[in-house]
Amino acid sequence: TRSTSAMLYLDGVHVSFDGFHAINNLSLTLEPGEMRAIIGPNGAGKTTMMDIITGKTKPDKGEVVFDGTVDLTKLDETEIAKLGIGRKFQKPTVFESQTIEDNLLLALNVDHRVRGTLFWRRSRDESERIERVLDIIRLRDARDRLAGSLSHGQKQWLEIGMLLAQDPKVLLVDEPVAGMTDVETQQTAELLREINSHDKTVMVVEHDMTFVRELGVKVTCLHEGTVLAEGSIDDVSANERVVEVYLGR
Ligand code: ADP
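In the numbering used here, the protein residues as written are 1 to 249.
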């Protein structure tokens with residue numbers, strides 16, 4: 001495996017399902033501390049790419065390297081999660097009958113179980129982290145409320161907070177603003193920018209172009225399992241091939 005300065009490095013990755021090439025020579029690099037938006041039509045391979053990074057799907061070919069040197073193709077999902085790669089799926093899965101603060105504590109606790117610690121007391125570092133997370137996800141004043149009473153958008157933020165509680169190096173976020181109001185969408189862009197400003201590397205898959213524009217980061221457009229275009233949102237959305245793909249021609 002080669003050694004790079006990248007936080008995530010994919011090179012020449014292939015995945016096929018029964019002969020269908022879902023990922024077809026995919027190469028992508030995220031630098032440490034970078035936030036990247038991933039767009040692309042349905043079936044482009046966005047979900048499969050995240051499955052590859054998290055170890056849910058193993059590539060047939062190609063390199064997947066984390067933090068410069070760690071070959072992710074050799075590790076299983078639990079090992080990859082422990083390295084500090086957190087994933088947020090599209091649908092929020094918070095513990096509805098627990099308070100917001102307890103949801104965050106449960107997220108920490110899960111992390112400890114993964115580490116095999118039987119008797120766990122919250123360290124000062126962890127308590128401070130929970131306080132920071134409550135601020136970032138804009139739920140400090142609601143910390144004692146039941147998660148079930150939150151709006152859809154707030155549940156998404158809480159789930160992002162549950163990932164943050166585990167202090168990951170990389171966050172993979174799948175369609176965070178689906179079903180959100182315009183205001184929540186804009187606040188989510190701010191929230192992700194803030195997370196990114198705290199040295200987290202972030203990959204966001206999203207269809208909502210207003211939101212992607214709001215993020216203001218480099219965009220990668222996938223199509224047929226490979227990179228079709230990469231650059232600023234203006235460059236990518238003006239790219240002829242991207243326009244064709246989105247118009248379905
Ligand atoms: P996206 O997330 O961009 O919509 P996906 O990664 O879900 O795309 O899918 C890429 C392609 O691979 C699609 O054509 C999809 O039907 C196919 N695919 C994904 N997972 C499987 C699977 N487990 N078995 C067969 N085909 C799959």
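Glycine residues also receive a C-beta, built at the ideal position from the N, C-alpha and C atoms. The model shown is predicted, which means the values in this text are computed figures rather than measured ones.
Mapping the DSSP letters down to three states, classify residue i as helix, strand or coil.
| i | result |
| --- | --- |
| Thr226 | strand |
| Leu158 | helix |
| Glu96 | coil |
| Met7 | coil |
| Leu118 | Low confidence applies to Leu118: its pLDDT is 46, below 50, so where it sits in the model is not reliable enough to give any reading. |
| Asn239 | coil |
| Asn109 | helix |
| His14 | strand |
| Val205 | strand |
| Gly153 | helix |
| Asn42 | coil |
| Gly19 | coil |
| Ile85 | strand |
| Asp67 | coil |
| Met35 | strand |
Do residue i and residue j have their C-beta atoms within less than 8 Å of each other?
| i | j | result |
| --- | --- | --- |
| Ala44 | Val204 | no |
| Thr47 | Pro59 | no |
| Glu79 | Ala147 | no |
| Glu126 | Leu108 | yes |
| Leu75 | Gly55 | yes |
| Gly231 | Pro168 | no |
| Glu206 | Ile23 | no |
| Val94 | Leu191 | no |
Would you call residue i buried or exposed, if buried means 16 or more other Cβ atoms sit within 10 Å of its Cβ?
| i | result |
| --- | --- |
| Val183 | exposed |
| Thr188 | buried |
| Leu164 | buried |
| Thr201 | buried |
| His198 | exposed |
| Gly12 | exposed |
| Lys91 | exposed |
| Asp51 | buried |
| Thr185 | buried |
| Asp175 | Note that residue 175 corresponds to Glu in the displayed sequence, not to Asp. Buried is the call here. |
| Val243 | exposed |
| Glu214 | buried |
Assuming residue i and residue j are in contact, meaning their beta carbons sit under 8 Å apart, how far apart are those beta carbons, in whole angstroms?
| i | j | result |
| --- | --- | --- |
| Val227 | Ser27 | 7 Å |
| Arg132 | Thr99 | The Cβ separation is near 18 Å, so there is no contact. |
| Val173 | Lys82 | Rounded, the Cβ-Cβ distance is 19 Å, inconsistent with contact. |
| Thr29 | Gly68 | Not confirmed; about 11 Å, so no contact. |
| Ile137 | Ile160 | 6 Å |
| Arg143 | Leu134 | 6 Å |
When the Cα of residue i is compared with those of the options, which residue comes out closest?
| i | options | result |
| --- | --- | --- |
| Glu34 | Asn25, Glu96, Tyr9 | Tyr9 |
| Ile233 | Val202, Ala178, Val217, Glu190 | Val217 |
| Gly86 | His14, Ile53, Leu222, Gly40 | Ile53 |
| Pro41 | Asp208, Leu215, Ala238, Glu214 | Asp208 |
| Val219 | Thr57, Arg140, Val236, Thr210 | Val236 |
| Glu224 | Val65, Gly248, Thr93, Ala178 | Gly248 |
| His152 | Thr57, Thr181, Ala142 | Thr181 |
| Arg140 | Asp71, Asp102, Leu192 | Asp102 |
| Leu106 | Gly179, Thr57, Phe20, Gln166 | Gln166 |
| Leu104 | Asn25, Val177, Gln156 | Gln156 |
| Val65 | Asp18, Gly19, Met7 | Met7 |
| Met49 | Glu31, His21, Ser123, Val245 | His21 |
| Leu211 | Val177, Met162, Ser16 | One point to set straight first is that residue 211 is Phe, not Leu, in the sequence displayed. Measuring from the Cα of Phe211, the nearest candidate turns out to be Val177. |
| Phe17 | Asn25, Thr57, Pro32 | Thr57 |
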